[in-house]
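Just so you know, the sequences run in chain order G and H. So for the first sequence, the working numbering puts the first residue at 1; every next one is plus one. So for the second sequence, the working numbering puts the first residue at 126; every next one is plus one. No residue lacks a Cβ here, since even glycine has one placed at the ideal position from N, Cα and C. Since we're looking at a predicted model, the values are computed, not measured. The next block holds one structure in the form of structure tokens; read it before the comments.
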Amino acid sequence: MRFRYLILLGLILLLAACQAQEVATVADVQPDLVVETAVVATDVSTVAVTNVPPPTATMLPTAVVAVAAEITPTVELAATDVPVLPTDEPEMVADVVTIGRTEEGVFFIGAEDAPVTVIDYSDFL
Amino acid sequence: MNDYVATGQVKLVFWPVLNHGAASVYATVTMECAGLQSAELGWAVHHSLFENQSALWGADRDTLVNLAVEEGADQATFEACYDNQATVTHLQALDQIRVERGVYGQPFFQVNGQLFGGDAQLLGAIDAALP
């Protein structure tokens, strides 16, 4: 009889010991989870990472926004109809352009040897 | 047009048309007399006249003299030219030449000799004429 009690006691003690070990395992895992969360927070936001608590309802919007910003793809500007200006802008060649009067007695402006002569027949009114 | 001139591609000549009586004549006299002091002054007055085109219809002598003086013309020299009938005669002769060339309205343009009315074809004609 006594022997049975001893066996029963041993089993009880053994069971108690196993449960204690499981509790300890969970406690060991929690810190890791907290650390990982802190790392993630660092990547997606500029929030200082100190003792980051588990996500709460108040934190979620910030985290969501931060994550959304992280994952939003870069939007490329659509091509427009605006023509691209040439990089080489024409320069005023002061030495080429002259201002004077023709043989007929009308006024001109431009290079004497310009390939194109434009006569503008205009009335001031 | 300014770019074409500035880059030496186009030589721009202004040929006055006198289609609106005395108002046209004396506006053109204003540019002519300023230009005789300096061609650059003449072009400045040319620009100013077009900028104030709406006021030219009722512009009197003083208004036109003041316009030229404001651009830098010497008043006495300008007025001597303005009041000289020879100036008007010269401009009327130019006007007759443009009639003989087939210019009966304004603006007309000649691009390397090719004549056409209005400015719709101007830039295209210039581009076509460029080497």
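Status (buried if at least 16 other CB within 10 Å, exposed otherwise) for residue i
i: L60 of chain G; result: For L60 of chain G, the predicted structure reports a pLDDT of 33, less than 50, and the residue's modelled location is therefore unreliable. The matter cannot be settled from this model.
i: V75 of chain G; result: Its pLDDT being 37, under 50, V75 of chain G is placed unreliably in this model, and the value from its coordinates should be taken loosely. With fewer than 16 Cβ atoms within 10 Å of its Cβ, V75 of chain G is classed as exposed.
i: D95 of chain G; result: exposed
i: A245 of chain H; result: exposed
i: A48 of chain G; result: With a pLDDT of only 37 at A48 of chain G, under 50, the local geometry of the prediction cannot be trusted, and the value read off the model is given with reservation. Counting Cβ neighbours within 10 Å, A48 of chain G comes out exposed, since fewer than 16 surround it.
i: P141 of chain H; result: buried
i: E157 of chain H; result: buried
i: L11 of chain G; result: exposed
i: Q134 of chain H; result: buried
i: P73 of chain G; result: In this prediction, P73 of chain G has a pLDDT of 37, which is less than 50 and means its spatial position is unreliable; nothing more can be read from the coordinates.
i: W168 of chain H; result: buried
i: Y229 of chain H; result: exposed
i: Y129 of chain H; result: buried
i: D252 of chain H; result: exposed
i: G243 of chain H; result: exposed
i: S179 of chain H; result: exposed
i: L181 of chain H; result: buried
i: F233 of chain H; result: buried
i: F203 of chain H; result: buried
Nearest residue (CA-CA) to residue i, options the options
i: T155 of chain H; options: H:R226, H:Q239, H:G238, H:V194; result: H:V194
i: E103 of chain G; options: H:Y229, H:L219, H:V236, H:Q231; result: H:L219
i: L216 of chain H; options: H:V130, H:D128, H:A147; result: H:A147
i: Q162 of chain H; options: H:Y151, H:Q200, H:T132; result: H:Q200
i: L125 of chain G; options: H:T132, H:V135, H:F175; result: H:F175
i: A184 of chain H; options: H:S149, H:D208, H:G197; result: H:S149
i: C206 of chain H; options: H:A159, H:N177, H:H171; result: H:A159
i: E107 of chain G; options: H:E165, H:L240, H:L181; result: Per the sequence shown, the amino acid found at residue 107 of chain G is Phe instead of Glu. Among H:E165, H:L240, H:L181, the Cα nearest to that of F107 of chain G is on H:E165.
i: V97 of chain G; options: H:N127, H:M126, H:A131; result: H:A131
i: H172 of chain H; options: G:R2, G:I109, G:L9; result: G:I109
i: G238 of chain H; options: H:E204, H:A254, H:Q231; result: H:A254
i: Q235 of chain H; options: G:L15, G:S122, G:L6; result: G:S122
i: V224 of chain H; options: H:L248, H:N177, H:L181, H:N144; result: H:N144
i: Q210 of chain H; options: H:A198, H:M126, H:Y151; result: H:Y151
i: T212 of chain H; options: H:G249, H:T153, H:M126; result: H:T153
i: Q231 of chain H; options: G:I119, G:G105, G:I99; result: G:I119
Any non-hydrogen atom of the ligand FAD closer than 6 Å to residue i Cβ
i: E112 of chain G; result: This structure lacks the ligand FAD; in fact it carries no ligand of any kind.
Practice problem: Tell me the start and end of each unbroken alpha helix (DSSP H) in the segment 126-188 of chain H that is at least 4 residues and wholly inside, in chain order. | Solution: 127-131, 146-162, 164-176, 178-181
Self-check item: Residues of the segment 94-106 of chain G whose Cβ lies closer than 8 Å to any Cβ of chain H, in chain order
Solution: V96, V97, I99, G100, R101, T102, E104, G105, V106
Practice problem: Could you please tell me which residues of the segment 225-244 of chain H, in chain order, have their CB closer than 7 Å to any CB of chain G? | Solution: V228, Q231, P232, F233, F234, Q235, V236, N237
Quiz item: Taking any Cβ of chain G, which residues in the segment 138-155 of chain H have a Cβ under 8 Å from it, in chain order?
Solution: V138, F139, W140, P141, V142, L143, N144, H145, A148, S149, A152, T153
Quiz item: When you check each C-beta in the segment 199-210 of chain H against every C-beta of chain G, which residues fall closer than 8 Å?
Solution: none
Quiz item: For the segment 112-124 of chain G against the segment 185-200 of chain H, are there 3 or more C-beta pairs whose distance is under 8 Å?
Solution: no
Exercise. Would you check if the segment 131-141 of chain H and the segment 217-237 of chain H touch, i.e. whether three or more CB-CB distances between them fall below 8 Å?
Key: yes
Self-check item: Contact residues within the segment 156-185 of chain H, judged by C-beta distance below 9 Å to chain G
Solution: M156, E157, G160, L161, S163, A164, E165, G167, W168, H171, L174, F175, Q178, L181, W182
Exercise. Enumerate, from N- to C-terminal direction, the unbroken alpha helix (DSSP H) stretches of 4 or more residues contained entirely within the segment 210-256 of chain H.
Key: 210-225, 247-254
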